[in-house]
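Trainee:
In this note's numbering, the protein residues as written are 445 to 775.
Right under this line is the structure:
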């Protein structure tokens, strides 16, 4: 619901210029914009933007401003709210915003949730490296991963759907003449459908490529808190796992530095084979666990291995299964 006179527990940002002047886009794509706005707001309400010291009055004025004045918060437009306005409520919030980083999600879910989904859809580890690079720099994430473009039967590694951009992360297998020819055919097919194709080769400087497309990826930011996009022990829902695996999963997440995510669909050639058991992370190492007790264990494990994942097949009845999983991080 939109804000109203009686319910103001929302902030609605809009552009006053007809047709827009790109202000809202700058708010989410330029890392320096929100901190700059916060610093200016502090100055407007008579606080030093560096130290936070209360100057008590606007520059050049003699009379102190206690709660609000016509040089800061008061205007004829907001007369009905004058008794509610108090500049003393603003410094803590605005000073926090001077150190803020805007993190957006291209999907109607929190950015961390969308990041997890993208990481789980990645196939070679090189794709995960690319996605993590975007996230750590505060850049725009793709809309989707491994989605088939029906018009040309090509499956880019990532898509920016609204922008019409297809991304490919090319590892060493793309260095062969045969694969390069196939890549060119895919690029031509996508471009015929109106897509822009951007390729990130394993030997190229990815930062330079990202800098060429600031309207697509945004401008890099130094995030105040880098997200690993892995659920904590407290966030893990035991109901995401079959009863025989819950104790084992609890033991895994109790180990320092280890995070466990529920099973995800394993897709090959556009077909869902089944779910794997779990994704287990420790630092930059990612394991995909496959339940040996399932009829699809062979096909799921083989597909994950072909996609470049580190696969560990496990059984709930196995002695020391937790120890074996943890030892796989050292291999």
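Just so you know, even glycine gets a beta-carbon here, dropped at the ideal spot from N, CA and C.
Touching or not, the stretch 578-589 and the stretch 612-632, by the rule of three or more beta carbon pairs under 8 Å?
Mentor: Contact between the stretch 578-589 and the stretch 612-632 is absent, because fewer than three Cβ pairs lie under 8 Å.
Trainee: Tell me where the beta strand (DSSP E) around residue 642 begins and ends.
Mentor: Where residue 642 is concerned, the enclosing beta strand (DSSP E) stretches over 640-645.
Trainee: Within 10 Å of its beta-carbon, does residue 609 have 16 or more other beta-carbons around it, so buried, or fewer, so exposed?
Mentor: With 16 or more Cβ atoms within 10 Å of its Cβ, residue 609 is classed as buried.
Trainee: Give the DSSP-derived three-state secondary structure of residue 731 in the structure shown.
Mentor: If DSSP states are grouped into helix, strand and coil, residue 731 belongs with the strands.
Trainee: Taking all protein chains shown into account, decide if residue 621 is buried (16 or more other Cβ within 10 angstroms of its Cβ) or exposed.
Mentor: Counting Cβ neighbours within 10 Å, residue 621 comes out exposed, since fewer than 16 surround it.
Trainee: Report yes or no: do three or more beta-carbon pairs, one from the stretch 536-543 and one from the stretch 474-483, lie closer than 8 Å?
Mentor: Touching, yes.
Trainee: Report yes if the C-beta distance between residue 613 and residue 661 is below 8 Å; otherwise report no.
Mentor: No, they are not a contact pair.
Trainee: Counting contacts by CB-CB distance shorter than 8 Å, is residue 461 in contact with chain D?
Mentor: Chain labels in this structure do not include chain D; a single protein chain is all it has.
Trainee: Name the DSSP bridge partner or partners of residue 757?
Mentor: For residue 757, which the question treats as bridged, DSSP gives the partners 734.
Trainee: Exposed or buried, residue 532, counting other C-beta atoms within 10 Å across all chains shown (16 or more means buried)?
Mentor: So residue 532 counts as exposed.
Trainee: Quick check on residue 630: buried or exposed, where buried means 16 or more other Cβ atoms within 10 Å of its Cβ?
Mentor: When all chains shown are included, residue 630 counts as buried.
Trainee: Work out the CA separation of residue 471 and residue 507 for me, nearest whole Å.
Mentor: Near 35 Å, if we compare the C-alpha coordinates of residue 471 and residue 507.
Trainee: Would you call the stretch 740-751 and the stretch 555-563 in contact, with 3 or more CB pairs under 8 Å?
Mentor: Short answer: they don't touch.
Trainee: Rounded to a whole number of angstroms, what is the C-alpha to C-alpha distance between residue 448 and residue 458?
Mentor: Distance between the alpha carbons of residue 448 and residue 458 is about 15 Å.
Trainee: For residue 686, count neighbouring C-beta atoms within 10 Å of its own C-beta (all shown protein chains included) and say buried if the count is 16 or more, exposed if not.
Mentor: By the 10 Å Cβ count, residue 686 comes out exposed.
Trainee: Taking 8 Å as the threshold (C-beta atoms), are residue 702 and residue 724 in contact?
Mentor: Yes. Within cutoff.
Trainee: Among the residues of its own chain, which have a CB less than 6 Å from the CB of residue 677, if the five just before and after it don't count?
Mentor: Confidence in residue 677 is poor, its pLDDT being 48 and thus under 50, which makes the residue's placement unreliable; the coordinate value appears in the next sentence. So the qualifying residues of the chain are 697.
Trainee: Where do the N-terminal and C-terminal ends of the beta strand (DSSP E) with residue 687 fall, by residue?
Mentor: Note, residue 687: premise wrong, no beta strand (DSSP E); alpha helix (DSSP H) at 687-697.
Trainee: What do you reckon, are the CB atoms on residue 692 and residue 760 nearer than 8 Å?
Mentor: Yes, Cβ-Cβ distance for residue 692 and residue 760 is below 8 Å.
Trainee: Per the DSSP calculation, residue 706 is bridged to which residue(s)?
Mentor: In DSSP, residue 706 forms a bridge with 722.
Trainee: Identify which residue in 564, 751, 713 has its Cα closest to the Cα of residue 706.
Mentor: Of 564, 751, 713, the residue nearest in Cα terms is 564.
Trainee: Can you give the Cα-Cα distance for residue 770 and residue 455, rounded to whole angstroms?
Mentor: Straight-line Cα distance between these residues: approximately 47 Å.
Trainee: Using beta-carbon positions only, say whether residue 649 and residue 596 come within less than 8 Å of one another.
Mentor: Taking 8 Å as the Cβ cut-off, residue 649 and residue 596 do not qualify as a contacting pair.
Trainee: In angstroms with no decimal places, state the Cα-to-Cα distance between residue 683 and residue 720.
Mentor: Their backbone Cα atoms lie some 16 Å apart in a straight line.
Trainee: What does a CB cutoff of less than 6 Å around residue 758 pick up in its chain, not counting 5 residues either side in sequence?
Mentor: Cβ neighbours of residue 758 beyond the five flanking positions: 733, 765.
Trainee: How many angstroms separate the CA atom of residue 619 from the CA atom of residue 722?
Mentor: So the alpha carbons of these two residues sit roughly 32 Å apart.
Trainee: Between the Cα of residue 604 and those of 577, 569, 640, spot the shortest distance and give me the residue it belongs to.
Mentor: For residue 604, the nearest C-alpha among the options comes from 640.
Trainee: Quick check on the DSSP output: what are the complete alpha helix (DSSP H) runs of length 4 or more inside the stretch 499-550, in order along the chain?
Mentor: The stretch 499-550 contains these whole alpha helix (DSSP H) runs: 535-541.
Trainee: For residue 636, which of helix, strand or coil comes out of DSSP?
Mentor: If DSSP states are grouped into helix, strand and coil, residue 636 belongs with the helices.
Trainee: Among 491, 651, 748, 578, whose alpha-carbon lies nearest the alpha-carbon of residue 534?
Mentor: Closest option to residue 534, Cα to Cα, is 491.
Trainee: Starting from residue 609, follow the alpha helix (DSSP H) in both directions and report where the run begins and ends.
Mentor: Looking at the DSSP string, residue 609 is not in any alpha helix (DSSP H); the run it does join, the beta strand (DSSP E), is 609-614.
Trainee: Classify residue 778 as helix, strand or coil using the three-state DSSP reduction.
Mentor: The shown model of the chain, from 445 to 775, leaves out residue 778, and the question about it has no answer.
Trainee: Check whether the Cβ atoms of residue 486 and residue 511 lie closer than 8 Å to each other.
Mentor: Contact flag unset, no.
Trainee: How would you write the range of the beta strand (DSSP E) that residue 457 sits in, first residue to last?
Mentor: Looking at the DSSP string, residue 457 is not in any beta strand (DSSP E), and its letter there is neither H nor E.
Trainee: How long is the line joining the alpha carbons of residue 739 and residue 543, rounded to whole angstroms?
Mentor: So the alpha carbons of these two residues sit roughly 52 Å apart.
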